[in-house]
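Peer 1: Pasting in a structure now, in structure tokens, and then I'll have a few things to ask.
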Amino acid sequence: MPGAIEVSVLDFMGLQSSSPPSQMSIKVSMGKREYETRDKGDFIFPLATLRENLIVTLLDAKGNEISHTGVETRLVVEKGIWDDTFPLEGGGHVRMKLQFVLSEEDRHRIRLMRELALKKKHDELLSREPRCTEYASSVDSRDASSSRTKHEVSDSRKGVFQSEVMATQVSLIVTLPTFSKSGKSSLENGEGSNCVLKQTSPNDPDKP
42 MPGAIEVSVL DFMGLQSSSP PSQMSIKVSM GKREYETRDK GDFIFPLATL RENLIVTLLD
102 AKGNEISHTG VETRLVVEKG IWDDTFPLEG GGHVRMKLQF VLSEEDRHRI RLMRELALKK
162 KHDELLSREP RCTEYASSVD SRDASSSRTK HEVSDSRKGV FQSEVMATQV SLIVTLPTFS
222 KSGKSSLENG EGSNCVLKQT SPNDPDKP
């Protein structure tokens, strides 16, 4: 990960210890790297991961821990520059200036990473467009096919209905009784359903 954390220990306040300040030492650590000094100073830590927090420990003359405090590396990166007073768990406070710094090489690496990420995103969008077009064409084709099928089914039903109507009309013509001059129907004369056929036959011998 590019970048580094620069730590400046500026002052200690309200320390609760029997050891005089001149006999105290400071240990600043982050991950496997640590610095120890008997005076305030500046320290720099190459940033490997945001999971490693910055730890500042105050030691007595024998190297025993008097107090300590921890700062999240992620917050230092987010703020850029952080000048503040931090409470110590054993009592008292420490004033530090924390800064996230980038070298020119780091800036170049970040710029390349950003450009590669944008190019990858652009390529992904381009690769998705043909699939979307193909899907839309497939949907339109299915809709058109479904519409044709519905029309064909509708026309088929209409044809069946018209055939049934014609059959019904023929049946009515065949069974419909005719009336003679005497007012009696052909059914009463016992002619039955053949009356219409007799009337329309041109070779009927009974026709005057």
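Residue 243 in the numbering used here is what sits at position 202 of the sequence shown, and the numbering runs on without skipping anything. Heads up, the beta-carbon is just placed ideally off N, CA and C, and yes, glycines get one too. Predicted, not measured: the structure shown is a model, and the values here were computed from it.
(1) Go ahead and label Ile46 buried or exposed: buried means 16 or more other beta carbons lie within 10 angstroms of its beta carbon, across all protein chains shown.
(2) So for Gln57, helix, strand or coil by DSSP?
(3) For Thr98, which residues from the same chain have a beta carbon less than 7 Å from its beta carbon, with the 5 sequence-adjacent residues on both sides left out?
(4) Classify Met71 as helix, strand or coil using the three-state DSSP reduction.
(5) Among all the DSSP beta bridges, which residues are the ones paired with Pro128?
(6) Enumerate in chain order the residues of its own chain whose CB-to-CB distance from Val118 is below 6 Å, with the five nearest sequence positions on each side excluded.
(7) For a test of the three-state rule: what should DSSP assign to Thr110, helix, strand or coil?
(8) Note down, in chain order, each residue of its chain lying with its Cβ closer than 7 Å to the Cβ of Gly82, except the 5 sequence neighbours on either side.
(9) Considering only heavy atoms of the ligand MG, does any lie closer than 7 Å to the CB of Asp80?
(10) If we call anything under 8 Å between Cβ atoms a contact, is Ser58 one with Ile96?
(11) Determine the burial state of Leu139: buried for a count of at least 16 other Cβ atoms within 10 Å of its Cβ, exposed for fewer.
(12) Identify the residues that DSSP records as bridge partners of Val50: which are they?
(13) Going by the beta-carbon positions, is the gap between Leu166 and Pro43 smaller than 8 Å?
(14) Who pairs with Thr90 in a beta bridge, going by DSSP?
(15) Does Thr114 pass the burial test, meaning 16 or more other C-beta atoms within 10 Å, or should it be called exposed?
(16) Using a threshold of 8 Å, state whether the C-beta atoms of Ser63 and Asp101 are closer than that.
(17) Helix or strand or just coil, what does DSSP make of Ser66?
(18) Taking DSSP as the reference, what is the three-state secondary structure of Leu143?
(19) Would you identify the three-state DSSP class for Ala102, choosing helix, strand or coil?
(20) Taking only the alpha-carbon atoms, compute the straight-line gap between Glu156 and Leu116 and give it to the nearest angstrom.
(21) Give the single residue among Ala89, Trp123, Arg169, Pro128 whose Cα lies nearest to the Cα of Met54.
(22) Taking the alpha-carbon of Arg92 as reference, which of Lys73, Thr78, Phe84 has the nearest alpha-carbon?
Peer 2: Result, derived from the coordinates:
(1) Within the sequence shown, numbered from 1, the residue matching residue 46 stands at position 5. Label assigned to Ile46: buried.
(2) Within the sequence shown, the letter at position 16 stands for residue 57. The answer is coil: DSSP assigns Gln57 none of H, G, I, E or B.
(3) Taking the first residue of the sequence shown as 1, we reach residue 98 at position 57. Cβ within range, chain order: Lys68, Glu106, His109.
(4) As a first step, residue 71 is located in the sequence shown; it is residue number 30 there, counting from the start. Here Met71 sits in strand by DSSP.
(5) On the sequence shown, residue 128 is found 87 positions in, with the first residue counted as 1. Bridge partners of Pro128: His134.
(6) As a working note, residue 118 is residue 77 in the sequence shown. Its chain contains Phe141 as the residues whose beta carbon lies nearer than 6 Å to that of Val118, once the 5 sequence neighbours on both sides are disregarded; these appear in chain order.
(7) Translated into positions along the sequence shown, residue 110 becomes position 69. Here Thr110 sits in strand by DSSP.
(8) Within the sequence shown, residue 82 is the residue found at index 41, counting from 1. Non-local C-beta neighbours of Gly82 in its own chain, meaning closer than 7 Å and more than five positions away in sequence, comprise Val50, ordered along the chain.
(9) Of ligands this structure carries none, so the ligand MG is not represented either.
(10) Taking the first residue of the sequence shown as position 1, residue 58 is located at position 17. Taking the first residue of the sequence shown as position 1, residue 96 is located at position 55. Going by C-beta atoms, Ser58 is not nearer than 8 Å to Ile96.
(11) Numbered from its first residue, the sequence shown carries residue 139 at position 98. The residue in question, Leu139, is buried, as its Cβ has 16 or more Cβ neighbours within 10 Å.
(12) In the sequence shown, residue 50 corresponds to position 9, counting from 1. Looking at the DSSP assignment, Val50 forms a beta bridge with Met137.
(13) By one-based count along the sequence shown, residue 166 stands at place 125. By one-based count along the sequence shown, residue 43 stands at place 2. Not in contact: Leu166 and Pro43 (Cβ atoms no closer than 8 Å).
(14) Indexing the sequence shown from 1 puts residue 90 at position 49. Looking at the DSSP assignment, Thr90 forms no beta bridge with any residue, so it has no partner.
(15) The residue you call residue 114 lines up with position 73 of the sequence shown. Thr114 is buried by the Cβ-count criterion.
(16) Here the question's residue 63 lines up with position 22 in the sequence shown. Here the question's residue 101 lines up with position 60 in the sequence shown. For the 8 Å CB-CB criterion, Ser63 and Asp101 do not form a contact.
(17) Your numbering for residue 66 matches position 25 in the sequence shown. Here Ser66 sits in strand by DSSP.
(18) Within the sequence shown, residue 143 is the residue found at index 102, counting from 1. If DSSP states are grouped into helix, strand and coil, Leu143 belongs with coil.
(19) Working through the sequence shown from its first residue, we reach residue 102 at position 61. DSSP places Ala102 in coil when its eight states are reduced to three.
(20) Counted from its first residue, the sequence shown places residue 156 at position 115. Counted from its first residue, the sequence shown places residue 116 at position 75. The straight-line gap from Cα to Cα measures roughly 25 Å.
(21) Indexing the sequence shown from 1 puts residue 54 at position 13. Residue Pro128 is the option with its Cα nearest to Met54.
(22) If you number the sequence shown from 1, residue 92 lands on position 51. For Arg92, the nearest C-alpha among the options comes from Lys73.
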